[in-house]
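Residue numbers (the working numbering): 126 to 421.
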Ligand SMILES: Nc1nc2c(ncn2[C@@H]2O[C@H](COP(=O)(O)OP(=O)(O)OP(=O)(O)O)[C@@H](O)[C@H]2O)c(=O)[nH]1
Ligand SMILES: [Mg+2]
């Protein structure tokens, strides 16, 4: 029997959803940073095996929807959960007690969909001793009837085979929907913009990561050995943020550009020429019109 279906990966910010997605797909399809609220869009990563095709949807970690951007992220996550055949609910087993309230809100949300839910307890590498897992499993099994509760480490892949087995048996019967070689539903230029945003998020502090967006103005793929030519714009929300992103004598922008180019060269297995511009798009995160103008 062949199975195929949508598996939505959901959970609060920073628990490791995108890290797990990348591990399961075997390459980077979603960006990862140590800062919460990194993922903004729904991204589908596709894993094909002889008897199953998993369509994994990565989602933004939900949080208080204060701005139009956050409201849109919450809406994306909720829509992805309601589209799911199986929900892969994720939490960070090594996070402090205070995170329990957020997890509880989250469980209520996924439980409301009546979809089967598998719980992945991530970051067990940081749990010492391992006996600490038992009270966590107990906490969650009192909140909801999970189809399975599986401790994993998304960084190393520990436990992920078992997780995949559990998810597989819950997927509906059906043919593969994508060709075997398709790994993501997003075009390569989306990944290019995301990699630039990842490097920017890693290099800047405070509100900057939450105030910027990256658009690709032009993406040219001439015959090798000519490099791929990418022209991108970093949009800030306010005039005062522009000099921070550019840095003294352009140092910050050069650093972001170099790191993004290096990673894109690895992902594309080609030389890349990358040119970055910085622009102020006043308050783009605050209104739907602003979002529609900037987001891809
Ligand atoms: N120690 C450890 N760190 C992990 C593990 N999985 C993910 N991380 C780290 O946790 C941080 C957040 O990972 P992400 O994959 O971006 O988390 P996310 O859930 O997608 O976060 P949002 O997109 O903000 O909702 C990164 O620094 C990862 O390297 C793990 O198994 N062990
Ligand atoms: Mg993410």
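Positions of the beta carbon are idealized from the N, C-alpha and C atoms, including for glycine.
Three-state secondary structure (DSSP) of residue i
i, result
"residue 162", "coil"
"residue 263", "helix"
"residue 217", "strand"
"residue 338", "strand"
"residue 140", "coil"
"residue 331", "coil"
"residue 404", "strand"
"residue 324", "helix"
"residue 420", "coil"
"residue 293", "helix"
"residue 148", "helix"
"residue 414", "helix"
"residue 226", "helix"
Residue(s) in a DSSP beta bridge with residue i
i, result
"residue 181", "132, 170"
"residue 354", "345, 398"
"residue 309", "170"
"residue 298", "128"
"residue 155", "For residue 155, which the question treats as bridged, DSSP gives no partner whatsoever."
"residue 199", "In DSSP, residue 199 forms no bridge with anything."
"residue 232", "Paired residues: none, contrary to the question."
"residue 243", "213, 273"
Distance CB(residue i)-CB(residue j) smaller than 8 Å
i, j, result
"residue 228", "residue 137", "yes"
"residue 167", "residue 184", "yes"
"residue 381", "residue 325", "yes"
"residue 356", "residue 317", "no"
"residue 416", "residue 146", "no"
"residue 264", "residue 271", "no"
"residue 276", "residue 282", "no"
Can you give, in chain order, each stretch of the alpha helix (DSSP H) that sits fully within the segment 245 to 289 and has at least 4 residues? 258 to 268
Complete runs of the beta strand (DSSP E) confined to the segment 352 to 388 [at least 3 residues]: 353 to 361
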